[in-house]
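For reference, the structure discussed in these notes is given below.
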Amino acid sequence: MGASSAGPIFLKSINSSGVVKDGGYIAKLFIKVIEDVDPKNVVQVITDNTGNMKLAGTIVEETFPHIFWTPCIVHCLNLSLKSMCQPSKKLAHFTSCAWILKEIGYVSSLKNFVVNHDMAHAIFQKHLELSLLKVAETRFASHIVMTSRVYKVKFSLEKMVMDDEWKNYKGDKVLEAREREIKSLVMDDEWWDKVEYFLKCTELIISMLRRADLDISQLHLIYDMCDTMIEKVKLIVFEHEGKDLINGQSEFFDTIQEILVARWNKSDTPLHCLSHFLVPKYYHESWLQGEDNGIRRLAPNEDREIVSNRIKCFQRYFKNPNDLKQVSLEYGAFCSLSGGDHFNIDESVNELVELSIDEPQLEGVFFENEVENLEEDDSMEEIEEDDL
Numbered sequence: 005m006g007a008s009s010a011g012p013i014f015l016k017s018i019n020s021s022g023v024v025k026d027g028g029y030i031a032k033l034f035i036k037v038i039e040d041v042d043p044k045n046v047v048q049v050i051t052d053n054t055g056n057m058k059l060a061g062t063i064v065e066e067t068f069p070h071i072f073w074t075p076c077i078v079h080c081l082n083l084s085l086k087s088m089c090q091p092s093k094k095l096a097h098f099t100s101c102a103w104i105l106k107e108i109g110y111v112s113s114l115k116n117f118v119v120n121h122d123m124a125h126a127i128f129q130k131h132l133e134l135s136l137l138k139v140a141e142t143r144f145a146s147h148i149v150m151t152s153r154v155y156k157v158k159f160s161l162e163k164m165v166m167d168d169e170w171k172n173y174k175g176d177k178v179l180e181a182r183e184r185e186i187k188s189l190v191m192d193d194e195w196w197d198k199v200e201y202f203l204k205c206t207e208l209i210i211s212m213l214r215r216a217d218l219d220i221s222q223l224h225l226i227y228d229m230c231d232t233m234i235e236k237v238k239l240i241v242f243e244h245e246g247k248d249l250i251n252g253q254s255e256f257f258d259t260i261q262e263i264l265v266a267r268w269n270k271s272d273t274p275l276h277c278l279s280h281f282l283v284p285k286y287y288h289e290s291w292l293q294g295e296d297n298g299i300r301r302l303a304p305n306e307d308r309e310i311v312s313n314r315i316k317c318f319q320r321y322f323k324n325p326n327d328l329k330q331v332s333l334e335y336g337a338f339c340s341l342s343g344g345d346h347f348n349i350d351e352s353v354n355e356l357v358e359l360s361i362d363e364p365q366l367e368g369v370f371f372e373n374e375v376e377n378l379e380e381d382d383s384m385e386e387i388e389e390d391d392l
């Protein structure tokens with residue numbers, strides 16, 4: 005599949021049955037398709053984050069230096085959620101996230117009991133508001149989707165266990181014991197509070213995952229989306245734990261941040277940084293003043309990591325030293341107009357700050373110094389014509 009300004013485009017399908025899909029084989033497929041559509045029309049190759057794909061991406065970058073391999077941010081976020089919801093006992097963050105694994109186990113047990121036992125299912129259907137979902141394991145964030153649905157039918161579940169039919173049902177001792185456990189769980193307000201807290205912590209990650217999975221241009225927004233998401237998760241955790249946002253410390257948040265940053269570092273590319281650089285929004289005071297946490301943000305030209313990766317992009321795109329110098333000068337002029345107050349237009353700046361510099365809506369936007377340069381060029385041409 006290819007992504008273009010017109011939307012997704014089907015390019016080619018390959019029957020690779022019986023073939024070892026190592027990095028070399030996949031790279032050959034990518035290179036062939038890139039050559040078919042012309043390398044100058046390709047900006048990046050997006051795949052999941054597996055080792056063979058990473059090797060294939062490296063080979064593509066060596067073959068076409070101007071093309072970047074970009075790990076899929078949706079896959080990255082899903083792996084982050086998996087690390088939080090299904091932490092391995094071998095990992096250091098298991099202790100901090102063990103409670104999530106425990107709560108998800110309770111949710112799964114509750115859902116399975118209602119769905120798989122005819123009596124429980126029949127009583128639940130009497131008070132039904134929404135159906136309990138059977139979420140496929142291959143779906144992104146399947147555990148969170150399931151937990152969210154169970155939380156949404158909380159009142160139906162409470163009505164189910166308080167129903168006379170539930171109280172009067174008689175079965176074998178094992179089933180009756182499970183019924184008492186389920187009733188105790190459903191009527192436990194503290195447990196529901198934990199479920200709600202878990203959903204709040206993961207809601208922002210899910211929101212970014214869904215947004216990044218849309219068939220629209222998102223590359224220029226990903227860097228900020230990730231930073232903002234982490235900031236908002238911190239706000240939720242610190243508020244829940246009663247910690248000071250500036251000076252407080254939370255082991256659970258540190259774990260979440262470590263998981264998200266580790267995955268982001270594996271997916272972050274110079275192209276993310278360059279596209280972040282070219283969004284007027286990130287030089288505007290309304291964005292720089294930050295969220296409600298009182299922490300001021302850095303403009304892209306003040307962030308060392310972003311600057312370093314932007315330079316890497318320029319060096320790969322512009323091999324000619326003179327071209328590289330000219331682009332750097334023009335970019336310097338762009339950055340010097342931080343704040344967005346120099347847009348030579350009548351419309352509100354806030355209507356433009358969300359746009360990437362390469363979007364059509366910005367074609368009519370000129371910076372003052374650029375207009376002056378154009379006027380100077382026109383004057384020089386008139387003088388030269390008069391001399392002739």
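Residues 5 to 392 (my numbering) make up the sequence shown, in order. Beta carbons: idealized from backbone N, C-alpha and C, even for Gly. Everything numeric in this text was worked out from a predicted model, so none of it was measured.
Near residue i, which residues of its chain fall below 7 Å by C-beta distance, leaving aside the five closest residues on each side in sequence?
i, result
"H244", "Y201"
"I50", "T74 and C76"
"F256", "S100 and V241"
"V118", "A124, H125, F128 and L136"
"T273", "F72 and T74"
"S271", "N53, P75, I77 and C80"
"E169", "I127"
"Y29", "V23"
Going by C-alpha to C-alpha distance, which of the options sits closest to residue i?
i, options, result
"Y2", "L328, C339 and D327", "There is no way to answer for residue 2, as the model of the chain reaches only from 5 to 392."
"V41", "G27, S254 and K16", "K16"
"E295", "V37, E235 and N269", "E235"
"A145", "W196, I209 and R184", "I209"
"E289", "H276, I260, P304 and S211", "P304"
"R301", "I148, R214 and T232", "T232"
"R320", "L264, P69 and I108", "P69"
"V265", "K25, P284, K285 and V237", "V237"
"M57", "K174, C230, K25 and L105", "K25"
Between which residues of its own chain and residue i is the CB-CB distance below 8 Å, once the five residues before and five after are set aside?
i, result
"G11", "D219"
"L95", "S87"
"L83", "N53 and R267"
"L114", "V154, L161, I186, L189 and V190"
"I18", "L33"
Please report the distance separating the alpha-carbon of residue i from that of residue j.
i, j, result
"V311", "R182", "59 Å"
"F281", "P91", "35 Å"
"L85", "C205", "11 Å"
"M5", "I38", "11 Å"
"S9", "V47", "12 Å"
"D228", "L292", "11 Å"
"E306", "H224", "17 Å"
"W103", "G22", "43 Å"
"N45", "S20", "26 Å"
"S211", "T151", "15 Å"
"T259", "G252", "15 Å"
"M164", "H97", "37 Å"
Quick one: what's got a C-beta closer than 6 Å to residue i's C-beta in the same chain, skipping five residues either side?
i, result
"K247", "S254"
"A216", "I77, V78 and Q222"
"C277", "I310, N313 and R314"
Exercise for review: Spell out a yes or no on whether the stretch 157-171 and the stretch 126-135 are touching, meaning 3 or more CB-CB pairs, one atom from each, closer than 8 Å.
Suggested key: Flag = yes, the stretch 157-171 and the stretch 126-135 touch.
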